[in-house]
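Step one of this worksheet: look at the structure below.
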Amino acid sequence: MRDGAVAARVEGPYGSEGYVRQGLAALPRFDGRHALVGSWMVGDEPAGLCLRESDGLVTTDRARFVPHIIDP
Numbered sequence: 001m002r003d004g005a006v007a008a009r010v011e012g013p014y015g016s017e018g019y020v021r022q023g024l025a026a027l028p029r030f031d032g033r034h035a036l037v038g039s040w041m042v043g044d045e046p047a048g049l050c051l052r053e054s055d056g057l058v059t060t061d062r063a064r065f066v067p068h069i070i071d072p
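Heads up: the sequence shown runs through residues 1 to 72, numbered per the UniProt record's numbering.
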């Protein structure tokens with residue numbers, strides 16, 4: 001959703017509840033791909049991170065995924 005309007009729509013295996021609606025969080029674009037960084041903490045220590053890249057506005061389960069482990 002962007003300004004109350006649908007910015008992108010992705011077909012998916014949704015149940016009887018219908019749709020997943022999310023607000024738009026503009027991601028940086030590199031070489032035509034939207035990049036997202038995810039991180040994990042265990043207690044107060046960093047444990048891992050991942051980079052996900054998607055061609056479209058919606059990061060789906062088909063996004064490129066690169067995991068990293070942090071070993072202190």
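Beta carbons are placed, not taken as given, at the ideal position from N, Cα and C, and that holds for glycine.
- With fewer than 16 other Cβ atoms inside 10 Å of its own Cβ, Thr60 counts as exposed.
- The shortest CA-to-CA distance from Gly32 to any of Leu57, Ser39 and Arg2 is the one to Leu57.
- If you look at Ile70, you'll find it isn't in any beta strand (DSSP E); DSSP assigns it neither H nor E.
- Glu17: not part of any beta strand (DSSP E); DSSP gives it neither H nor E.
- For Gly38, the uninterrupted beta strand (DSSP E) segment begins and ends at Arg33 to Val42.
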